[in-house]
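Peer 1:
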Amino acid sequence: MRIRRINLFHVAMPLRDPFETSFGRSIHRHGVLVMVEESSGEVGWGEVVADEGPWYSYETVETSWHVIRDYIVPRIKGLEFQGPEGFWDVDIVRRIRGHNMAKAGVEEALWDLWARMNSKPLWRVIGGVRDRISSGVSIGIQESLEKLVRVIGSYLEKGYQRIKIKIKPGYDVEPVSAIRKNFPDIMLSVDANASYTSEHSDRLRALDRYSLLMIEQPLHYEDLVDHAELAKILETPVCLDESIKDPHVARSAIRIGAAEIINIKPGRVGGVAPSKEIHNIAERSGVPVWIGGMLETGVGRGIQVALATLPNVRLPNDISASERYYEEDIVEPPWILTSGGYIEAPKKPGIGVEVIERKLIKYTVKYIAI
129 MRIRRINLFH VAMPLRDPFE TSFGRSIHRH GVLVMVEESS GEVGWGEVVA
179 DEGPWYSYET VETSWHVIRD YIVPRIKGLE FQGPEGFWDV DIVRRIRGHN
229 MAKAGVEEAL WDLWARMNSK PLWRVIGGVR DRISSGVSIG IQESLEKLVR
279 VIGSYLEKGY QRIKIKIKPG YDVEPVSAIR KNFPDIMLSV DANASYTSEH
329 SDRLRALDRY SLLMIEQPLH YEDLVDHAEL AKILETPVCL DESIKDPHVA
379 RSAIRIGAAE IINIKPGRVG GVAPSKEIHN IAERSGVPVW IGGMLETGVG
429 RGIQVALATL PNVRLPNDIS ASERYYEEDI VEPPWILTSG GYIEAPKKPG
479 IGVEVIERKL IKYTVKYIAI
């Protein structure tokens, strides 16, 4: 496949409800959609999950736009690729340190394009083994425990298999206790988004009594050593998210015992190929993985669904229906939750959905064709 053109769309998608974590509250989801056009006219789509500010990551919409426009596109435009893996052989891609979110947007689009050109669903192209994936839901910090319980009840009624709540120092044991009082048997996990330190170990150990599936990223977003020490004293498994930047770090985290579970976010680690490599590293070590989310549109959700069909994805994923976050997604058909809390792997080629131009234009705040 030969790349003829790349289009970038900075979108701002209004969320149905504000989403609050330990590092902020969002009412819009900013991101960059990447459309790669092949010389035949076929196109593929990817998504940059960087937000408008450097909160979850140092990457932002603007830094990603800059890296893609000024460094990646000039070197891949006109190139002949034998497959999407060839993206990682391009000299400039190897030379750019970090900026995995920018890389992921382009790399994912190449995978979607390749699967469409071969008339196969992406999940089959990458070696998926199941035609539906287990879905969990992530719930932000709520204004009251009463509302938290109501919100959880509403998602359980929809069929989500696993509930995850955001926690932070001072908002942890109390909400978990309230949830267990009302829903004693549900699959429940917590996500700290790196908001604790080792000095909070007693607070984190207090969560052991609530039979949690995991505690996700409790300590510093770049730490491995302190997580390994924490894992020794907790009964609840420690899951790493932000710390797992790439396959190299994943291998190190597993080797020292810092990660008993890994949350693979394709937009964070660089796209499809690095996600598969992390999956394989964890599988060889007996460490389960699941696919996490960054409030993606239906484009990024298609990448998530494909990766969630891989064999070592053994826990419910943070992949929910389009309606979970958005009144209106930009793709058709929208992603929906089926009976029992599953999302079907699509039968159509590529990511299995089509970007609707009028919807894309509606939410686009900046655009460039290169």
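Here the numbering used here is used: the first residue of the sequence shown is 129, the next is one more, and so on.
No residue lacks a Cβ here, since even glycine has one placed at the ideal position from N, Cα and C.
E327: which of E357, P142, R452, A230 sits nearest, CA to CA?
Peer 2: Locating residue 327 in the sequence shown gives position 199, counting from the first residue. The shortest C-alpha separation from E327 is found at E357.
Peer 1: Are the CB atoms of I291 and I267 nearer to each other than 8 Å?
Peer 2: Within the sequence shown, numbered from 1, the residue matching residue 291 stands at position 163. Within the sequence shown, numbered from 1, the residue matching residue 267 stands at position 139. In contact: I291 and I267 (Cβ atoms closer than 8 Å).
Peer 1: Where does G169 sit, in a helix, a strand or coil, going by DSSP?
Peer 2: As a working mapping, residue 169 is identified with position 41 in the sequence shown. In the structure shown, G169 sits in coil (DSSP, three-state: anything other than H, G, I, E or B).
Peer 1: Would you say V279 and Q270 are within 8 Å of each other, going by their C-beta atoms?
Peer 2: Along the sequence shown, read from residue 1 onward, the residue named residue 279 stands at position 151. Along the sequence shown, read from residue 1 onward, the residue named residue 270 stands at position 142. Yes. Within cutoff.
Peer 1: Take I496 as the anchor and find which of R412, S413, F137, R132 has the nearest alpha-carbon.
Peer 2: By 1-based counting over the sequence shown, the position of residue 496 is 368. Closest option to I496, Cα to Cα, is F137.
Peer 1: Would you check if the distance between the CB atom of R157 and the CB atom of Y453 is smaller than 8 Å?
Peer 2: The residue given as residue 157 occupies position 29 in the sequence shown. The residue given as residue 453 occupies position 325 in the sequence shown. Their beta carbons are under 8 Å apart, which means R157 touches Y453 by this criterion.
Peer 1: Could you have a look at I254 and say whether DSSP puts it in helix, strand or coil?
Peer 2: As a working note, residue 254 is residue 126 in the sequence shown. Here I254 sits in coil by DSSP.
Peer 1: Who are the near neighbours of P439 in its chain, counting only those whose CB is closer than 6 Å to its CB and skipping five residues on each side?
Peer 2: As a position in the sequence shown, residue 439 is number 311, starting the count at 1. Result list for P439: V257, in chain order.
Peer 1: Along the beta strand (DSSP E) that carries K373, what are the first and last residues, could you check?
Peer 2: Residue numbering aside, residue 373 sits at position 245 when the sequence shown is read from its first letter. Premise fails: K373 is in no beta strand (DSSP E) and is neither H nor E.
Peer 1: Would you please state the rounded distance, in angstroms, between the beta carbons of E187 and I431? I believe it to be under 8 Å.
Peer 2: One-based indexing of the sequence shown puts residue 187 at position 59. One-based indexing of the sequence shown puts residue 431 at position 303. With 8 Å as the limit, E187 and I431 do not qualify as a contact, their Cβ atoms being about 17 Å apart.
Peer 1: Would you check if the distance between the CB atom of E370 and the CB atom of Y349 is smaller than 8 Å?
Peer 2: Taking the sequence shown and counting its residues from 1, one reaches residue 370 at position 242. Taking the sequence shown and counting its residues from 1, one reaches residue 349 at position 221. Cβ atoms of E370 and Y349: closer than 8 Å.
Peer 1: With 16 as the cutoff for other CB atoms within 10 Å, does P182 come out buried or exposed?
Peer 2: Within the sequence shown, numbered from 1, the residue matching residue 182 stands at position 54. Answer is exposed; the Cβ neighbour count stays below 16.
Peer 1: Checking 8 Å against the spacing of the C-beta atoms, do V221 and K231 come in under that value?
Peer 2: Sequence index remark: in the sequence shown, residue 221 carries index 93 (1-based). Sequence index remark: in the sequence shown, residue 231 carries index 103 (1-based). Against a cut-off of 8 Å, the Cβ pair of K231 and V221 comes out as a contact.
Peer 1: Determine the direct distance from the alpha carbon of S263 to that of S167, and round the result to whole angstroms.
Peer 2: Position 39 of the sequence shown, counting from 1, holds the residue named residue 167. Position 135 of the sequence shown, counting from 1, holds the residue named residue 263. About 37 Å.
Peer 1: Using the rule of at least 16 other Cβ atoms within 10 Å of the residue's Cβ for burial, across every protein chain shown, is L352 buried or exposed?
Peer 2: Here the question's residue 352 lines up with position 224 in the sequence shown. Result: buried.
Peer 1: Count the C-beta pairs between the stretch 312 to 322 and the stretch 335 to 349 that are closer than 8 Å, then say yes if the count reaches three, no if not.
Peer 2: The stretch 312 to 322 is in contact with the stretch 335 to 349.
Peer 1: For I419, which option in V481, L143, N445 has the closest C-alpha, if you only look at C-alpha atoms?
Peer 2: Here residue 419 refers to the residue found at position 291 of the sequence shown. Checked all of V481, L143, N445; the closest Cα to I419 is N445.
Peer 1: Could you name each continuous alpha helix (DSSP H) segment of 4 residues or more that falls completely within the stretch 341 to 388, going from the start of the chain to the end?
Peer 2: You should have 353 to 361, 375 to 384.
Peer 1: What did DSSP end up calling V279 once you bin it into helix, strand or coil?
Peer 2: Locating residue 279 in the sequence shown gives position 151, where the first residue counts as 1. In the structure shown, V279 sits in a helix (DSSP, three-state: H, G or I).
Peer 1: According to DSSP, what are the bridge partners of Y470?
Peer 2: Counting from one through the sequence shown, the residue named residue 470 turns up at place 342. Per DSSP, S262, T466.
Peer 1: Cα-Cα, which of G298, I314, R130, K360 is closest to Y338?
Peer 2: Along the sequence shown, read from residue 1 onward, the residue named residue 338 stands at position 210. It is I314 whose Cα lies nearest to the Cα of Y338.
Peer 1: Taking 8 Å as the threshold (beta carbon to beta carbon), is I314 in contact with chain D?
Peer 2: In the structure shown, chain D does not exist; there is a single protein chain.
Peer 1: Check each candidate in I155, G211, G414 and name the one with the smallest Cα separation from R144.
Peer 2: As a working mapping, residue 144 is identified with position 16 in the sequence shown. When only C-alpha atoms are compared, the closest one is I155.
Peer 1: At what residues does the alpha helix (DSSP H) containing L238 begin and finish?
Peer 2: Walking along the sequence shown from the start, residue 238 turns up at place 110. Note, L238: alpha helix (DSSP H), 228 to 245.
Peer 1: Looking at C-alpha atoms only, which residue of E148, G159, I131 is the closest neighbour of T425?
Peer 2: Position 297 of the sequence shown, counted from the start, is the residue given in the question as residue 425. Out of E148, G159, I131, G159 has the C-alpha closest to the C-alpha of T425.
Peer 1: Express the C-alpha separation of S192 and T492 in angstroms, rounding to a whole number.
Peer 2: What you label residue 492 is simply residue 364 of the sequence shown in a count that begins at 1. What you label residue 192 is simply residue 64 of the sequence shown in a count that begins at 1. Their backbone Cα atoms lie some 16 Å apart in a straight line.
Peer 1: State buried or exposed for S467, treating a residue as buried only when at least 16 other CB atoms are found within 10 Å of its CB.
Peer 2: Within the sequence shown, residue 467 is the residue found at index 339, counting from 1. The residue in question, S467, is exposed, as its Cβ has fewer than 16 Cβ neighbours within 10 Å.
Peer 1: By the 10 Å Cβ neighbour count, where 16 or more other Cβ atoms means buried, how is I372 classified, buried or exposed?
Peer 2: Here residue 372 refers to the residue found at position 244 of the sequence shown. By the neighbour-count rule (16 or more Cβ atoms within 10 Å), I372 is buried.
Peer 1: Cα-Cα, which of R197, E165, R252 is closest to K476?
Peer 2: Translated into positions along the sequence shown, residue 476 becomes position 348. Of R197, E165, R252, the residue nearest in Cα terms is R252.
Peer 1: Leaving out five residues before and five after K248 in sequence, what residues of the same chain have Cβ atoms less than 7 Å from its Cβ?
Peer 2: Position 120 of the sequence shown, counting from 1, holds the residue named residue 248. For K248, where only same-chain residues beyond five positions count, the Cβ hits under 7 Å are P477.
Peer 1: List the residues that DSSP assigns as beta-bridge partners of G478.
Peer 2: To locate residue 478, count along the sequence shown from 1; it is residue 350. Partner(s): P249.
Peer 1: At the level of alpha carbons, what is the spacing between R223 and W242?
Peer 2: Position 95 of the sequence shown holds residue 223. Position 114 of the sequence shown holds residue 242. Their backbone Cα atoms lie some 24 Å apart in a straight line.
Peer 1: Taking the C-alpha atoms as reference points, what is the distance between Y299 and G172?
Peer 2: Against the sequence shown, residue 299 aligns to sequence position 171. Against the sequence shown, residue 172 aligns to sequence position 44. Using only the alpha carbons, I get a separation of about 42 Å.
Peer 1: Starting from M141, follow its DSSP beta bridges and name the residues at the other end.
Peer 2: Start at 1 with the first residue of the sequence shown, and residue 141 comes out as number 13. DSSP, once it has assigned bridges, lists R157 as partnering M141.
Peer 1: Where do the ends of the beta strand (DSSP E) carrying V177 lie?
Peer 2: For the purposes of this step, residue 177 is taken as the residue at position 49 of the sequence shown. No beta strand (DSSP E) contains V177, which DSSP labels as neither H nor E.
Peer 1: Alpha carbon to alpha carbon, how far is K393 from D179? Give it in angstroms, no decimals.
Peer 2: For this step, residue 179 is matched to residue 51 along the sequence shown. For this step, residue 393 is matched to residue 265 along the sequence shown. Using only the alpha carbons, I get a separation of about 14 Å.
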